[in-house]
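Residue numbers (full-length UniProt numbering), protein chains in the order written: chain A, 1 to 201; chain B, 1 to 201; chain C, 1 to 201. A virtual CB, placed ideally from N, CA and C, is assigned to each residue, including glycine. Structure record follows, encoded as structure tokens.
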Amino acid sequence: MLELLDHIGLFAFAISGVLTAANRNLDILGGYIIAFITALGGGTIRDLLLNVDIAWMTSFSQLLMVIAGATVGIVFRKKLRSLRRTLSIFDTVGISVFTIVGVQKGLSHEQLAITAVFLGMISATFGGLIRDVLCNEIPLIFKKEVYAIPCLLGGAIYLLGDYLGLGDSAWLLWLSMLFIVTFRTLAVMFSWKLPLINEIN
Amino acid sequence: MLELLDHIGLFAFAISGVLTAANRNLDILGGYIIAFITALGGGTIRDLLLNVDIAWMTSFSQLLMVIAGATVGIVFRKKLRSLRRTLSIFDTVGISVFTIVGVQKGLSHEQLAITAVFLGMISATFGGLIRDVLCNEIPLIFKKEVYAIPCLLGGAIYLLGDYLGLGDSAWLLWLSMLFIVTFRTLAVMFSWKLPLINEIN
Amino acid sequence: MLELLDHIGLFAFAISGVLTAANRNLDILGGYIIAFITALGGGTIRDLLLNVDIAWMTSFSQLLMVIAGATVGIVFRKKLRSLRRTLSIFDTVGISVFTIVGVQKGLSHEQLAITAVFLGMISATFGGLIRDVLCNEIPLIFKKEVYAIPCLLGGAIYLLGDYLGLGDSAWLLWLSMLFIVTFRTLAVMFSWKLPLINEIN
């Protein structure tokens, strides 16, 4: 089930990569490369930091989901723009899964609690960060969107549950993902923003 | 022989790095750093992803070729601009070697076929990609040049030959490299371009 | 003692990250992320290249110093701008420590001499380089500042001492760090600049 959601997330991230690439007027191959980096970049950095095998390199189904998402994104990009709300749901499911998988992977490799939460956030957000850098933009997560905060808090909730001995409970998994999805959705709906550094008196 | 060509490629990539750095008005050290990253960045990412030792770190001759290429690039940069066509030949030889070495290295570490081809393309193109990001430009391979496609196809040809049991044959090596060199040269000569995402109806 | 100085360096680098982030009008979380990447990015790349465990991931005190530096940077950023000279001293201590620790780590993993010196420079400068790329600027070290040269030379001095059998001597450590601090301070005081590539005849 977690794996299914993970694949849905990859699909959604690949679409978001292609749409950003189209905005920057890239060619088709550029679109596919940006899609791969958006979808798989966060997990790649997580695995590099943990010094373990990179997950997607041996997963044909992950690669397939990215290719499928990018292709759908290219072919249906006009229709997709009007479906932005629907897309955003998949994307939000994606970040929630990526976060929790990242935290779990950190914990299973005996990392510090704070490091595990960071790894969760990195898994969910650094693909988009590299996407923005490659498209020559200041990363969205730095100024315009409440994107990383739900990941950090949701990851912390999972971690807390794990310390309470609920690490194997499916409930904990769903609760922490639901928290991320809800927080992120509210943030989008009500245009929540973090204060800018320059607004701190 | 492959190693000789690999070193020629490093030399050419170092020059291309320095010339880009000169265009952005960088200082000499900036030129050397960009040269190193252009020439060695792709192979570094390949080796990081494979979780093996980084090739250049223990290769004095590779480091020397980059230093030599960067120095030649700085000193003769005016003459080199008029020799662009000659340079481009070395550069093309470079990407063909980097691609095939990348695919071979992927296969020898038991990666998926598609992953091995990606590793070939990454070896050949991601150094230039990081060069462009550091120089604050949208990477060339995303919009202006047919650069990665010959690598992907040439890598696929090598892979096909390997499946047919010709993996140890020098013929296969030369054939797939020749394919990349020819395809890339024709693309430059006739200004081939991939369609933009926004041109897909 | 070296560890204390290392922590002072992390604190100073975190402040420099936050101030850059404030200049680009990022939000608070963006400031913290840039602070982490500025302070820990160079060491992360060093450890990735060496294929060893990433130092900060298991060091609660390193993470704490970065969080403290970023928080101080955000809260006192107006006062800090007038204290630029004092800040710059901590920053300079930071690059000197990061360089020597990087060279030592390279040598202890049996790298080539030249590779060890590069690792020292990478430890000291690539965090700032990634900071600049994320803030969509051409990295400072490429054009405006004599920043990497003192690291390369100081690293070479340490290396030379090590070859002369002084590798365990505290004197060598202090001498090479003092060299970096002095060189860098003079460079700032007298606005030393490297020649641009385009100024080479």
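Contact under 8 Å by Cβ, leucine 194 of chain C with leucine 29 of chain B: yes
For glycine 128 of chain C and glycine 154 of chain C, the rounded distance between their alpha carbons: 19 Å
Min CB distance proline 139 of chain A to chain C below 8 Å: yes
Neighbour list for glutamine 111 of chain B in chain A, Cβ cutoff strictly below 9 Å: Met57, Thr58
7 Å Cβ shell around valine 72 of chain C - same chain, five flanking residues per side excluded: Ile15
Bounding residues of the alpha helix (DSSP H) (the contiguous stretch that carries arginine 46 of chain A): 28-50
Where arginine 184 of chain A falls, given that 16 or more other Cβ within 10 Å makes a residue buried: buried
In chain order, each alpha helix (DSSP H) run of at least 4 residues that lies wholly inside the stretch 54-98 of chain A: 60-75, 77-82
Through-space distance from glycine 31 of chain A to leucine 87 of chain B, alpha-carbon basis: 29 Å
Residues that aspartate 27 of chain A contacts on chain B, provided the C-beta gap is smaller than 8 Å: Going along chain B in sequence order, the residues near aspartate 27 of chain A (Cβ under 8 Å) are Phe142, Lys143, Lys193, Leu194, Pro195, Leu196, Ile197.
Distance between beta carbons of arginine 24 of chain A and isoleucine 138 of chain B, contact taken as under 8 Å: 6 Å
Neighbour-count burial assignment, lysine 105 of chain C, 16 or more Cβ in a 10 Å radius: buried
CB of alanine 156 of chain C within 8 Å of CB of methionine 121 of chain C, strictly: no
Buried versus exposed call for glutamate 3 of chain B [16 or more other C-beta atoms within 10 Å across all chains shown]: exposed
Where tryptophan 192 of chain B falls, given that 16 or more other Cβ within 10 Å makes a residue buried: exposed
Reduced DSSP category for leucine 134 of chain A - H, G, I as helix; E, B as strand; rest coil: helix
Beta carbon of threonine 58 of chain A nearer than 8 Å to that of leucine 112 of chain B: yes
Valine 103 of chain B vs isoleucine 8 of chain B beta-carbon contact at 8 Å: no
Distance CB(isoleucine 180 of chain C)-CB(isoleucine 45 of chain C) smaller than 8 Å: no
8 Å Cβ shell around threonine 125 of chain B - same chain, five flanking residues per side excluded: Gly42, Ile95, Ile141, Tyr147, Ala148, Cys151
Of the listed residues B:Leu164, B:Val75, B:Met65, B:Asp27, nearest to leucine 40 of chain B (C-alpha basis): B:Met65
Cα-Cα separation, isoleucine 37 of chain B to leucine 134 of chain A: 16 Å
Any chain B beta carbon closer than 8 Å to arginine 84 of chain A: no
Top-ranked residue by Cα proximity to alanine 70 of chain A, from A:Phe98, A:Ile130, A:Ala21: Taking only the C-alpha atoms, the option nearest alanine 70 of chain A is A:Ala21.
Candidates C:Ala12, C:Asp27, C:Ile89, C:Phe11: closest to methionine 189 of chain C by CA position: Considering only C:Ala12, C:Asp27, C:Ile89, C:Phe11, the residue with the shortest C-alpha distance to methionine 189 of chain C is C:Ile89.
Leucine 196 of chain A (DSSP reduced to helix, strand or coil): strand
For tyrosine 158 of chain C and phenylalanine 11 of chain B, the rounded distance between their alpha carbons: 29 Å
Reduced DSSP category for asparagine 23 of chain B - H, G, I as helix; E, B as strand; rest coil: helix
Closer than 8 Å at the beta carbon, the chain B residues around isoleucine 200 of chain C: Ile28, Ile74, Val75, Arg77
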